[in-house]
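One structure is given here, and the rest of the page talks about it.
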Amino acid sequence: MSVEVDGFNASPLFKELNEGLADKSKAQEAVKAVNAIIVITLKNKEGKEQSWVLDLKKDGTLAKVDGAAPKGDVQLILKDVDFVKLANNKVNGQKLFMNGKLKVKGNMMKATAIEAVFKKLDPRPKL
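Under my numbering, think of the first position of the sequence shown as 23, with each following residue one higher.
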């Protein structure tokens, strides 16, 4: 199932994350490290919202959500462009949160784990 959505700059990142989770050993490492269901809700420049569910509690999967965002252990709400910066380590989550660009609902400690997940599952070569 595709996790990409037209009009969102983060779509290729979700595709890469999904590919990283396809490696079951990496997925299990992420599940062990995070043990949470993370709902990521992004708003693009046209004002459209889209959510994805990153299940790092049970089986290490990523799914695009059609309709309203489900409840997870933590929900991250931010703009598409800010999420791209976060995932690419151009800005850290704490800075986005302190500047009001990242809203967190639920377990704040689980929210801090998302940056480590992206680093661990990033399929791009390390230079």
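Backbone N, C-alpha and C define an ideal beta-carbon position, used for all residues, glycine too.
Query: Between the CA atoms of PRO34 and THR63 - distance to the nearest angstrom; Result: 16 Å
Query: Cβ-based burial, GLY94 [other Cβ within 10 Å; buried from 16]; Result: buried
Query: Collapsed DSSP secondary structure at SER73 in the structure displayed; Result: strand
Query: Span of the beta strand (DSSP E), counted from its first residue to its last, around ALA85; Result: 83 to 87
Query: Helix, strand or coil at ALA91 according to DSSP, with G and I counted as helix; Result: coil
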